[in-house]
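To keep things clear, I will list the structure first and then write my remarks on it.
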Amino acid sequence: CFLVTILSIYFCINSIAEINGEVWLGSDNGIVLYNRKLNTYHLLKTGLNSTFNEVKFIFPDKNKLWVSYYAGGLYVLDIATRKIEKRVNQFNYGYVKAMIKDAKGNYWIAAGTNDPFIRLDAKTGRIEKQFRVKGSSHLFVPINVQDLLLDKDETVWIGTRSDGLYRYNYSTRELSHYQAGSDSTLLSNNHVSVIFRDSRNRLWVGTYGGGLSLYQPQTNTFKTINQKKGLLNDAVCGIMEDTRIYRDWE
-7 CFLVTILSIY FCINSIAEIN GEVWLGSDNG IVLYNRKLNT YHLLKTGLNS TFNEVKFIFP
53 DKNKLWVSYY AGGLYVLDIA TRKIEKRVNQ FNYGYVKAMI KDAKGNYWIA AGTNDPFIRL
113 DAKTGRIEKQ FRVKGSSHLF VPINVQDLLL DKDETVWIGT RSDGLYRYNY STRELSHYQA
173 GSDSTLLSNN HVSVIFRDSR NRLWVGTYGG GLSLYQPQTN TFKTINQKKG LLNDAVCGIM
233 EDTRIYRDWE
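When we follow the working numbering, the leftmost residue of the sequence shown carries the number -7, and every step to the right adds one.
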């Protein structure tokens, strides 16, 4: 997290979302709103009476905001009223690490360290933790998922803490698994911390200890960019696009 000071109190920021020009911050002390024009911060009172104030993750969804409190549950907040609307009773895990919404309106959630990767059915509220795989009798049951990315072809990219990277098509049930190894064309490290697709449709995989892995779809391999090739640090925790940086790595 990074720290901001509000009324002489340090707030640890865990998650950020921009909604209608406003910057929403999930912090260890609750939800904070940042006003860019005035450069001011405001601690939001959501109406939730809880001893659990540590917001680990926020996810904007049209006129709603999903809010994950550490050990306190998953909630839906109405952005207009800025009040908690409901609790997701089916979610009984420590916190949300990552979350995406697919074309069918269902939610895929990485439920934190040692907790499962789940799919929340938007219509029924049912939670699915095991996934069928085409051509296999084994079910796909990943844990320790760190980040998720949704592609247009109904594919979910799933980065794990120690088991590398998965690509799962939720319609065809096809599954691919990418792991690190001695071959330089493999994933650079099995601890995947972040997955990012840039404006040129390139898939970047940030790892904790192996630097960056750039996916090569033509050969289904990876190109490694690490400290030896000019990266500042091999522990990658986040990725943002800047064309000035990418040029030297073409």
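Quick reminder that beta carbons are idealized off the backbone N, C-alpha and C, glycines included.
Could you tell me whether the Cβ atoms of residue i and residue j are closer together than 7 Å?
i      : j      : result
His247 : Tyr160 : The shown model of the chain, from -7 to 242, leaves out residue 247, and the question about it has no answer.
Asn181 : Gly151 : no
Phe3   : Asn21  : yes
Ile76  : Leu69  : yes
Glu146 : Asp190 : no
Locate the beta strand (DSSP E) running through residue i, then write down its first and last residues.
i      : result
Asp20  : Note, Asp20: premise wrong, no beta strand (DSSP E); not H, not E.
Pro52  : 47 to 53
Thr213 : 213 to 217
Asn187 : First, the residue type needs correcting, since residue 187 is Ile and not Asn in the sequence shown. 184 to 189 is the span of the beta strand (DSSP E), which, as asked, contains Ile187.
Trp171 : According to the sequence shown, residue 171 is Gln rather than Trp. From DSSP, Gln171 is part of no beta strand (DSSP E); its letter is neither H nor E.
Label residue i either buried or exposed according to how many other C-beta atoms from any shown protein chain fall within 10 Å of its C-beta, with 16 as the threshold for buried.
i      : result
His183 : buried
Gly222 : exposed
Glu242 : The pLDDT assigned to Glu242 is 49, lower than 50, so where the model puts this residue is not dependable, and the model offers no usable value.
Phe44  : exposed
Asp143 : exposed
Asn136 : buried
Asp175 : exposed
Ala90  : buried
Quick check: the Cα distance between residue i and residue j, rounded to an integer number of angstroms?
i      : j      : result
Lys115 : Ser60  : 20 Å
Ile5   : Ser19  : 4 Å
Phe188 : Ala102 : 16 Å
Lys96  : Gln82  : 19 Å
Glu166 : Arg79  : 33 Å
Arg111 : Ser154 : 21 Å
Leu25  : Asn98  : 27 Å
Lys215 : Val148 : 21 Å
Thr73  : Gly230 : 31 Å
Val88  : Gly104 : 6 Å
Is there contact here, the region 215 to 226 with the region 191 to 205, by at least three beta-carbon pairs under 8 Å? The region 215 to 226 makes contact with the region 191 to 205: 3 or more CB pairs, one atom from each, lie closer than 8 Å.
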